[in-house]
Amino acid sequence: MKVNRTIGLILAAVFLAGLAILSCTRPAAKQEPAAPLSAAPHQSVEEQEAAIPESPLKDAYFGDTHVHTSYSLDAYIGGARLTPDEAYQFAQGKEVVVNGLKHSIGRPLDWAAVSDHAEFIGEMYSTQVAGAPGGDNPMLEELRHLKTADEQRAWFGKYVVKNMRGENPSHPPFYAGPGTTKSAWQAVALAAVRDNYHPGKFTTLAGFEWSAAQNEGNMHRNVIFRDLTVPDMPFSALDSPNEEKLWAWMAEQEKMGSRLLAIPHNSNGSKGLMFAPLDKAGRPLSAEYARLRSHYERLIEMMQIKGNSEVHRKFWPADEFADFENGDSVGTFSGRTFKKENFVRWAVTKGLAYEAKLGENPYRLGFIGGTDNHNGLPGDVAENDYIGSHGPADGTLKERREGEIDGWIKAKESNPGSLAGVWATRNTRAAIWDALAARETFVTSGPRIKPRFFGGATLGATQDPVELVKQGYARGVSMGGTLKALERAPTFTVHAQKDPDGANLDRIQIIKGWVNAKGEPQERIFDVAWSGNRKPNAKGKLPALGHTVDLKKGTYANTIGAPELIGSFTDPSFDPKQPALYYVRVIEIPTPRWTTYDAVRNNLPRLKGVPATVQERAWTSPIWYTATK
Amino acid sequence: MMRKIVREPLLHFLTIGAALFLYFHWSGGGSGPTSDRIVLTAGQIGHLAAGFAKTWQRPPTEVEIKGLIDDWIREEIAVREAMASGLDRDDTIIRRRLRQKLEFLFEEVDAAVPPSDRELQAWLTENADLYRLEPQVSFRQIYLSRERRGSATEDDARTLLARLRAAGPDTPIDHLGHPTLLPREVEMSSLAEVARTFGQEFSRSTEALPVGVWSGPIQSGFGLHLVWVRARVAGSLPDLAQVRLAVERDFTADRRRRQLAAMYERLLAKYRVVIERKAADDDGGKSGANAS
Chain C
16 MKVNRTIGLI
26 LAAVFLAGLA
36 ILSCTRPAAK
46 QEPAAPLSAA
56 PHQSVEEQEA
66 AIPESPLKDA
76 YFGDTHVHTS
86 YSLDAYIGGA
96 RLTPDEAYQF
106 AQGKEVVVNG
116 LKHSIGRPLD
126 WAAVSDHAEF
136 IGEMYSTQVA
146 GAPGGDNPML
156 EELRHLKTAD
166 EQRAWFGKYV
176 VKNMRGENPS
186 HPPFYAGPGT
196 TKSAWQAVAL
206 AAVRDNYHPG
216 KFTTLAGFEW
226 SAAQNEGNMH
236 RNVIFRDLTV
246 PDMPFSALDS
256 PNEEKLWAWM
266 AEQEKMGSRL
276 LAIPHNSNGS
286 KGLMFAPLDK
296 AGRPLSAEYA
306 RLRSHYERLI
316 EMMQIKGNSE
326 VHRKFWPADE
336 FADFENGDSV
346 GTFSGRTFKK
356 ENFVRWAVTK
366 GLAYEAKLGE
376 NPYRLGFIGG
386 TDNHNGLPGD
396 VAENDYIGSH
406 GPADGTLKER
416 REGEIDGWIK
426 AKESNPGSLA
436 GVWATRNTRA
446 AIWDALAARE
456 TFVTSGPRIK
466 PRFFGGATLG
476 ATQDPVELVK
486 QGYARGVSMG
496 GTLKALERAP
506 TFTVHAQKDP
516 DGANLDRIQI
526 IKGWVNAKGE
536 PQERIFDVAW
546 SGNRKPNAKG
556 KLPALGHTVD
566 LKKGTYANTI
576 GAPELIGSFT
586 DPSFDPKQPA
596 LYYVRVIEIP
606 TPRWTTYDAV
616 RNNLPRLKGV
626 PATVQERAWT
636 SPIWYTATK
Chain V
30 MMRKIVREPL
40 LHFLTIGAAL
50 FLYFHWSGGG
60 SGPTSDRIVL
70 TAGQIGHLAA
80 GFAKTWQRPP
90 TEVEIKGLID
100 DWIREEIAVR
110 EAMASGLDRD
120 DTIIRRRLRQ
130 KLEFLFEEVD
140 AAVPPSDREL
150 QAWLTENADL
160 YRLEPQVSFR
170 QIYLSRERRG
180 SATEDDARTL
190 LARLRAAGPD
200 TPIDHLGHPT
210 LLPREVEMSS
220 LAEVARTFGQ
230 EFSRSTEALP
240 VGVWSGPIQS
250 GFGLHLVWVR
260 ARVAGSLPDL
270 AQVRLAVERD
280 FTADRRRRQL
290 AAMYERLLAK
300 YRVVIERKAA
310 DDDGGKSGAN
320 AS
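Residue numbers (the numbering used here), protein chains in the order written: chain C, 16 to 644; chain V, 30 to 321.
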């Protein structure tokens, strides 16, 4: 026994020494530590970055802002064993093993931010790093050997769920102290971010998820840093479940030299909390609240595995494309009843009413994507080889067809999630993060569609996409930008290029939002460019394109639609005194939904209750018109 | 040679083992688990106090130190009595924990030995396919849109191709074909990078194109392309310096697995394993034991 203890002491000493070396707290983190053990001389990260050429017309870079690994407690329980390091490897194209099967992303991502739940990373460090403090706790010993889904559920319910959804969530009894949280953050999360950054090829951003879920309403935010100037540990819902406290913490980090932003997600399941008219103290939103929110929360995750939060067909019956990955069962679990006020289109439009009243817009949100994959697989969005996203909950064919992702959604109604797009001058941390902060972002439901969107008083229509982009940057603003008071309607120019390996495009739409005198959101959808020789009918409605999907074989053909679309738009109902926003939606031709591919591959009947085909799409961040000088 | 011995993880392991043995032999004298003496040294008390201070962010008071000592003695007594009664035997958690500690100690020692350049080079040579650099190509291309020209696109492409071939390699191409955001000039890029912009089909087609000639039309997801391949670099095995980090990562992971297995193999030799199956088909040897 004494031998064991002494070995323990030695191990502890080895560990502490290791941690002391690895800890990259703020002052030291300005410079990236050199890769360990490497004797070969090589360029510093700064030198590598400086050598990457800049592209003035910018390129689209595809990534994921939302992925969980074995360092998220819920993912670990569900069998996730890929670490943050392995998640970044997967994103770069390396094959991994998930649910016992080999799996590869196919097309690598350009960038990614692993966003493990900050709450329990310390506990996960104790669980996974042999010899770590607290690792011999019997509750963790149980955790390491949970086998059946029932065992997993029971354990999670007992130690985590009740606690997190209560008023004052706290660490579970097996927490071994803040030292473990720091170790997880620095020696695991940040080390993976550092080791996998290849300027010009693949960018990693440091991040974590703040997972407040009071009363089962989803208030989660992913916090993402510009560089490795970061605090020595993240801020979790156990520090405070109040978003204003999160912003106060972010303000402290800014004072210490960090640059960071927060991305809320799953507003569809927020029970009215994400865009609530009252703050946590029960007061109407104040100008200060609005100012802080628009400063720290510049983007919102439009869509992910647990549904599309843009709109829902029930509340937007007039929008013919609102019937897309609605994830209806999200609205029936844990009392997360859907309401219009939880959806992104409503919120960004409502923001205009707040701006009129408070002088600040709390919902000045650009659009971004993410998967929320809990298998450690960033950007695993291909419909045609989808293997589930939440461990055993949807890891087998049977579970995908009949099961549910615990407490959230029926597996068959989930989807592979969305991709995050940014327009950046080059693929470096600074350029990618700056595009996020400037809201020059877009989302796709999976395909690598590249949408361009500019607005300005002097833009002209053109059929040349190069000219369109040059003009846009020279004389207008890009997606995420703001137009100040104008005397007459601005011109918006749009271009979309299909996924080079994907389906053709059906149309480009511009969606306009404004509020009426009572502050109620209003909207209108315009078709701006479309494929083929279709003519809008007398009511202005463009006929549907039809489809080429063979449901028996799970195939489609690009014999309809267009590889690229270009157009321009002037708002016929533009009112110079009326603040408004405009965003773009690009619609693909119909292709098989993942459930159809799954059925064809396994020779099973198609599932009832879910669409057989989808029209994948891209959304750009809005351009705002403020009507003020 | 000496360097090689110094780097040998097994040697580290044995050295640490021997050191531990000597330490207990000399310092523990008479206070081991089977003795009736319980000795708490000043150093251990210091350690207890430090543990307290880490949790509570202040040093313990005299009373608290006494409490810590009493508690430690209780724990020591409990452990000795429990072990004497055999309570540690057949306890899954204790067994797993002991195994984990042993394996971890081994892994720590293993990780402390940096791989040599020779080992890494050998690994790279053996596993060349994992690190092989993709073929690269640089080219100019002219895009023709089926959207804009429909069924005439193929004919347009052939006409333009003939003109280009007659005009020679340095013809300006900026105003040929249809306007596109696809780059007209592509610098030396891997096929995966070409696919990222032009798609898989186009990327694969470029592999077969001759260098220094206008070729095509080639199909992509966007339409047709006429392509002049400027240069090509065949796939190759990178130098160790170029892929050192990845090689090191993979080599160490593999070495850990191999040496852990080897350690069990060596330890297994110390034991005679008897597996009693239902039919009592004991072969008296190791054939049924799986040590790793």
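Using N, Cα and C, we set each Cβ at its ideal position, and we do this for glycine too.
This structure is a prediction, so every number in the text was calculated from the model and none was measured.
Sequence-distant residues of the same chain with beta carbon closer than 7 angstroms to Leu-193(V), five excluded per side: In the second sequence, residue 193(V) corresponds to position 164, counting from 1. Short of 7 angstroms from the beta carbon of Leu-193(V), and not among the five residues preceding or following it, lie these beta carbons of its own chain, in chain order: Thr-200, Trp-243, Leu-255.
Whole-angstrom C-beta distance between Leu-520(C) and Ala-435(C), which should lie under 8 angstroms: Along the first sequence, one-based indexing puts residue 435(C) at 420. Along the first sequence, one-based indexing puts residue 520(C) at 505. Their Cβ separation, rounded to whole angstroms, is 20 angstroms, which puts Ala-435(C) and Leu-520(C) out of contact at 8 angstroms.
Neighbour flag for Leu-173(V) against chain C, beta carbons, 9 angstroms: In the second sequence, the residue the question calls residue 173(V) occupies position 144. Not one chain C Cβ lies under 9 angstroms of Leu-173(V).
Strand pairing of Leu-483(C), partner residues [DSSP]: As a working mapping, residue 483(C) is identified with position 468 in the first sequence. According to DSSP, which records beta bridges pairwise, Leu-483(C) is partnered with nothing at all.
Length of the line joining the Cα atoms of Ser-53(C) and Asp-120(V): Counted from its first residue, the first sequence places residue 53(C) at position 38. Counted from its first residue, the second sequence places residue 120(V) at position 91. Residue placement at Ser-53(C) is poorly supported in this model, since its pLDDT is 35, which falls under 50; the coordinates are not used for a value here.
Residue-level contact to chain V via CB, Glu-64(C), 9 angstroms cutoff: Within the first sequence, residue 64(C) is the residue found at index 49, counting from 1. It does not; no Cβ of chain V falls within 9 angstroms.
Whole runs of the beta strand (DSSP E) within the region 293-319 of chain C, excluding any shorter than 3 residues: Complete beta strand (DSSP E) runs here, min 3: 314-316.
Enclosing alpha helix (DSSP H) for Val-702(C) [first to last residue]: Look at the range of chain C in this structure, 16 to 644, and you will see that residue 702(C) is not part of it.
Residues that Pro-208(V) contacts on chain C, provided the C-beta gap is smaller than 8 angstroms: Stepping through the second sequence from its first residue, residue 208(V) is reached at position 179. Residues of chain C passing the Cβ test: Gln-478, Asp-479, Pro-480, Val-481, Glu-482.
Contact with chain V by Ser-185(C), beta-carbon distance below 9 angstroms: By one-based count along the first sequence, residue 185(C) stands at place 170. Cβ-Cβ to chain V under 9 angstroms: no for Ser-185(C).
Short CB-CB distance (under 9 angstroms) between Phe-251(V) and chain C: Taking the second sequence and counting its residues from 1, one reaches residue 251(V) at position 222. At least one chain C Cβ lies under 9 angstroms of Phe-251(V).
Contact with chain C by Ile-122(V), beta-carbon distance below 9 angstroms: Within the second sequence, the letter at position 93 stands for residue 122(V). Chain C, which has a Cβ nearer than 9 angstroms to the Cβ of Ile-122(V), makes this yes.
Where the region 220-245 of chain V meets chain C: residues whose CB sits under 8 angstroms from a CB there: Per Cβ criterion, the list reads Ala-221, Ala-224, Arg-225, Thr-226, Phe-227, Gly-228, Gln-229, Glu-230, Phe-231.
DSSP state of Thr-606(C) mapped onto helix, strand, coil: By 1-based counting over the first sequence, the position of residue 606(C) is 591. Note: Thr-606(C) maps to strand in three-state DSSP.
Alpha helix (DSSP H) runs wholly inside the region 206-270 of chain C, at least 4 long, in chain order: You should have 206-210, 258-270.
Residue nearest to Ile-249(V) in terms of C-alpha spacing, selected from Phe-231(V), Val-262(V), Leu-266(V): Locating residue 249(V) in the second sequence gives position 220, counting from the first residue. Contrary to the premise, residue 249(V) reads as Ser rather than Ile in this sequence. Answer by Cα proximity: Phe-231(V).
C-alpha distance - Met-179(C) paired with Lys-354(C), whole-angstrom precision: Numbered from its first residue, the first sequence carries residue 179(C) at position 164. Numbered from its first residue, the first sequence carries residue 354(C) at position 339. One alpha carbon belongs to Met-179(C), the other to Lys-354(C), and they sit about 24 angstroms apart.
Cβ of Thr-84(V) within 9 angstroms of any chain C Cβ: Here residue 84(V) refers to the residue found at position 55 of the second sequence. So yes, Thr-84(V) belongs to the interface.
is_contact[Arg-261(V), chain C] using C-beta, thresh 9 angstroms: As a first step, residue 261(V) is located in the second sequence; it is residue number 232 there, counting from the start. Arg-261(V) does not count as touching chain C.
Through-space distance from Ala-90(C) to Arg-549(C), alpha-carbon basis: In the first sequence, the residue the question calls residue 549(C) occupies position 534. In the first sequence, the residue the question calls residue 90(C) occupies position 75. Going from the Cα of Arg-549(C) to the Cα of Ala-90(C) covers about 48 angstroms.
Gln-165(V) (DSSP reduced to helix, strand or coil): The residue you call residue 165(V) lines up with position 136 of the second sequence. For Gln-165(V), the three-state secondary structure derived from DSSP is strand.
is_contact[Pro-123(C), chain V] using C-beta, thresh 9 angstroms: Here residue 123(C) is taken as the residue at index 108 of the first sequence, counted from 1. Pro-123(C) counts as touching chain V.
Contact between the region 324-333 of chain C and the region 484-502 of chain C (3+ Cβ pairs under 8 angstroms): No, because fewer than three Cβ pairs between the region 324-333 of chain C and the region 484-502 of chain C fall closer than 8 angstroms, the two stretches do not touch.
Per DSSP, the bridge partner or partners of Leu-580(C): Along the first sequence, read from residue 1 onward, the residue named residue 580(C) stands at position 565. Looking at the DSSP assignment, Leu-580(C) forms a beta bridge with Ala-511(C).
Cβ contact check for the region 396-404 of chain C and the region 113-121 of chain C: 3 or more pairs under 8 angstroms: Touching, per the Cβ criterion.
Anticipated Cβ contact below 8 angstroms, Ile-575(C) with Gly-555(C), distance rounded: What you label residue 575(C) is simply residue 560 of the first sequence in a count that begins at 1. What you label residue 555(C) is simply residue 540 of the first sequence in a count that begins at 1. That belief does not hold up - the Cβ atoms of Ile-575(C) and Gly-555(C) are roughly 22 angstroms apart, past 8 angstroms.
Alpha helix (DSSP H) segment containing Ile-102(V), residue limits: Here the question's residue 102(V) lines up with position 73 in the second sequence. From DSSP, the alpha helix (DSSP H) with Ile-102(V) extends over 91-113.
Short Cβ contact (9 angstroms threshold) for His-389(C) with Gly-93(C): The residue you call residue 389(C) lines up with position 374 of the first sequence. The residue you call residue 93(C) lines up with position 78 of the first sequence. Against a cut-off of 9 angstroms, the Cβ pair of Gly-93(C) and His-389(C) comes out as a contact.
Selected residue, minimal CA-CA separation from Asp-158(V), among Pro-153(C), Ala-169(C), Lys-109(C): Here the question's residue 158(V) lines up with position 129 in the second sequence. Of Pro-153(C), Ala-169(C), Lys-109(C), the residue nearest in Cα terms is Lys-109(C).
Short CB-CB distance (under 9 angstroms) between Phe-133(V) and chain C: Along the second sequence, read from residue 1 onward, the residue named residue 133(V) stands at position 104. Proximity of Phe-133(V) to chain C, defined by a Cβ-Cβ separation below 9 angstroms, is satisfied.
Euclidean distance between Cα positions of Phe-541(C) and Gly-78(C): Translated into positions along the first sequence, residue 541(C) becomes position 526. Translated into positions along the first sequence, residue 78(C) becomes position 63. So the two alpha carbons sit approximately 29 angstroms from each other.
Contact set between the region 575-600 of chain C and chain V, restricted to residues whose Cβ is under 8 angstroms from the partner: Shown in chain order are the members of the region 575-600 of chain C whose Cβ falls below 8 angstroms from a Cβ of chain V: Ala-577, Pro-578, Glu-579.
Contact with chain C by Glu-110(V), beta-carbon distance below 9 angstroms: Here the question's residue 110(V) lines up with position 81 in the second sequence. Glu-110(V) does not count as touching chain C.
Cβ of Asp-148(V) within 9 angstroms of any chain C Cβ: As a working note, residue 148(V) is residue 119 in the second sequence. With the sequence shown as reference, residue 148(V) is identified as Glu, and Asp is not the correct amino acid for it. At a cut-off of 9 angstroms between beta carbons, Glu-148(V) makes no contact with chain C.
Any 3 or more C-beta pairs closer than 8 angstroms across the region 204-217 of chain V and the region 168-188 of chain V: Counting Cβ pairs under 8 angstroms, three or more are found: they touch.
Touching by the beta-carbon criterion (3+ pairs, under 8 angstroms), the region 287-299 of chain C and the region 265-273 of chain C: At 8 angstroms Cβ cutoff, the stretches do not touch.
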